[in-house]
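Asks: Under numbering that gives the first Met the number 0, the sequence shown has 248 at position 249, and the numbering climbs by one with no breaks. Glycine residues also receive a C-beta, built at the ideal position from the N, C-alpha and C atoms. Take a look at the following structure, please.
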Amino acid sequence: MKISILGCGWLGFPLGETLVKNGHTVKGSTTSESKIALLSAVNIEPFLLQFTPKIESENITQFLDSEILIICIPPRAGKLGEDYHVQQIESLLEYLPSSSIKSIIYTSSTSVYPDLNREISEEDSVIDNHALIKVENLLKTLPQNVTILRCGGLMGGERIPAKYFQGKTINTGKIPVNYVHQDDVIQIISMILEKGFWDETFNVVSPEHPIREEIYLKNCEDLGFTKPIFEEAVEPIPFKIISPQKLISRTGYVFKYANPLDFRYL
């Protein structure tokens, strides 16, 4: 297949590498000139694209000359505003009618679900004004096949949960995690492309949900980080447990890392 990956960052770059190894022709976008050579080195055809939030590129038509588009750009809010990411995607959609794109994969997030203190599936309510839901709804109006992947906390490589909490005092140690390993996300996207699971919305989260304290302490033990200081929360902290059961039952996918306690890093 001819595949274009919008956003060759932490997820998009190794995804592109894998797809090239699987025999696909891959184009990849980056906002950094310094990454052009890195993409070329692994046989990803590089494209320099800026979204500010309008697309700034002379090559967007060439970039979209593929059958598949995978959108992996992280939503940037903060001072840019909640709708900045929505405006980025709106700019992209202006170019789709004249493109050869037939199918789209969009990496969304489980942050679209409210904390309901229970297990949550794709049938549950979402936060309607969430930027990612606005983008999901935009994409669902397109004539192309669209599959949406609501990913949990993306971990693996240099993304190690305990690294961000070394020596800090935290009261969320008893909250269950909704993590997924980079390797599993890449394999799930590869499977969707190969088997054609289109026009679906899937939660992409490891099926087991240990509590944060267990994760952080194991990271510290395995990798030598300074342990956080755990204290009891004064009041119950809202949580959610995201179920990947629809993905598992619909596709038959078997997670490489079913339990975040077993994640490999670096």
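1. Hey, T106 and L10 are a contact pair by Cβ (cut 8 Å); roughly how many whole angstroms apart?
2. Quick check on the burial criterion: 16 or more other C-beta atoms within 10 angstroms. Buried or exposed for R249?
3. Only counting the same chain, and skipping five residues up and downstream in sequence, which positions put a Cβ closer than 6 Å to that of Q165?
4. For R158, which three-state DSSP category applies?
5. List the residues that DSSP assigns as beta-bridge partners of T29.
6. For T60 and G6, what's the separation of their Cα atoms in angstroms?
7. Starting from F62, trace the alpha helix (DSSP H) both ways and give me its first and last residue.
8. Is it the case that the segment 250 to 257 contacts the segment 138 to 153, given that we only count it when at least three CB pairs across the two stretches are under 8 Å?
9. Would you say N202 and R149 are within 8 Å of each other, going by their C-beta atoms?
10. Who are T168's beta bridge partners in DSSP?
11. Residue range of the beta strand (DSSP E) that I147 falls in?
Replies: Considering the structure as presented:
1. Yes, they are in contact, since the Cβ atoms of T106 and L10 sit about 7 Å apart, within 8 Å.
2. The residue is exposed, with fewer than 16 neighbouring Cβ atoms inside 10 Å.
3. Answer for Q165: F224, T225, listed in chain order.
4. Strand, per DSSP.
5. Answer is L47.
6. Roughly 16 Å separates the two Cα atoms.
7. Bounds of the alpha helix (DSSP H) holding F62 are 59 to 62.
8. Contact fails between the segment 138 to 153 and the segment 250 to 257, because fewer than three Cβ pairs, one in each stretch, are under 8 Å apart.
9. Cβ distance < 8 Å, so N202 and R149 count as in contact.
10. Answer is I228.
11. I147 -> beta strand (DSSP E) spans 144 to 150.
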